[in-house]
Amino acid sequence: MHLRLPNKLVSTCLVFLLAACSAGDGEGREVAPASTEKLGLFTSLPIYWSDGEDIATMLQDGAQEPSWVREVLESRSELIPLDTLEADVLAGLDRIVLAQPRALAPSENVALDGWLRDGGQALIFADPFLTQHSEFGLGDPRRPFDVVLISPILARWGLELQFDDTQPRDERIIPAGRSDLPVELAGQFAVLDGEAQASCTLSAQNLIADCKIGDGSAVLIADAAVLDTDKDSGERRAALESLLSRLQHR
């Protein structure tokens, strides 16, 4: 699982703690029906683990309140937190959500592209100017990435992530098909000239890119404000559900 912790040892330990912490999450809330679909989650945002929690807190049964984003994801699938996108990890997954991920290693770029071409589906939130509050200060390795760094894989698919620094700073709503999307200092996608290894179409004021990649597909959003774990609302839940449905029905 990608937790933005200071060293790999702590991250590895958290993998083994996952079962114990997940068991505590079921107390006091309705448990979603079991699903055979496995949904991978690769993120630097506090979706699976709460922002600021340490290992001791995670070990306490019932101490961690799941984020509303995690609840939505787990209502549909068996959620699998990831700390890598290597080929052997992706092989066991049906779909994945990448939400403000760290920069991918070259081998991870190759693995992700290959997995999609073999029929995988991905929902990718790539925010060029993250506005979500974090308990961790600038420079802290546990802090979510303020700027997403996935240009190599975007370029392979014929996309470029752009940012207009003259846009309004307040949160606004962009119509996006069956649901509206809240955005704040959002980016835009542009289709690059030249030969691309994917077929992408843009919508919602170029906020969303729908890409056909071999036998698979990816839906990309140039903002992550909809995933703000501090702003639970029916509108945000509906927007996330709508984005997830784009994968379900492709």
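Going letter by letter, the sequence shown gives residues -23 to -1, 1 to 227 in mature numbering (1 follows the signal peptide of the UniProt record, and there is no 0).
For every residue, glycine included, the Cβ atom is placed at its ideal position computed from N, Cα and C.
Annotation: the continuous beta strand (DSSP E) that includes Arg149 extends over 149 to 153. Beta-bridge analysis with DSSP links Phe19 to Leu75.
Rounded to whole angstroms, the gap between the alpha carbons of Phe113 and Arg120 is 5 Å. For Leu131, the uninterrupted alpha helix (DSSP H) segment begins and ends at 128 to 133. Non-local beta-carbon contacts of Pro152 in its own chain, meaning distances under 7 Å to residues more than five positions away in sequence, involve Ala181 in chain order. For Thr20, the closest of Ser128, Asp207, Ile130, Ala103 by C-alpha to C-alpha distance is Ala103. The alpha-carbon of Gly154 is positioned some 36 Å away from that of Pro118. DSSP places Leu50 within a helical segment (H, G or I) once states are collapsed to three.
Rounded to the nearest whole angstrom, the C-alpha separation of Glu137 and Ser52 is 33 Å.
For Val74, the closest of Glu63, Asn86, Pro58 by C-alpha to C-alpha distance is Pro58. For Pro58, the uninterrupted beta strand (DSSP E) segment begins and ends at 55 to 58. Distance from the CA of Asp147 to the CA of Leu67, rounded to the nearest whole angstrom, comes to 37 Å. Secondary structure at Gly164: strand, using DSSP grouped into helix, strand and coil. The C-beta separation of Pro159 from Val203 comes to about 6 Å, placing the pair in contact by the 8 Å criterion. Between Leu16 and Ile24, the CB-CB gap reaches or exceeds 8 Å. Straight across, the Cα-Cα distance linking Phe166 with Ile127 is about 13 Å. Assigned with DSSP and collapsed to three states, Glu218 falls in helix. At a Cβ-Cβ threshold of 8 Å, Ala163 and Asp207 do not count as neighbours. Of the residues Gln174, Ser222, Ile101, the one whose Cα lies closest to the Cα of Leu184 is Ile101. Assigned with DSSP and collapsed to three states, Glu172 falls in coil, not helix or strand. Around the CB of Gln98, 16 or more other CB atoms lie within 10 Å, so the residue is classed as buried.
For Asp187, the enclosing beta strand (DSSP E) starts and ends at 185 to 190.
Using a Cβ distance threshold of 8 Å, Gly191 and Asp95 count as a contacting pair. The closest CA to that of Ala195, considering only Gln174, Asp60, Glu48, Thr13, is found on Gln174.
Pro159 carries a strand assignment under DSSP once its states are collapsed to helix, strand and coil. Cβ neighbours of Ile150 within its own chain (closer than 8 Å, five residues either side excluded): Asp157, Leu158, Pro159, Val160.
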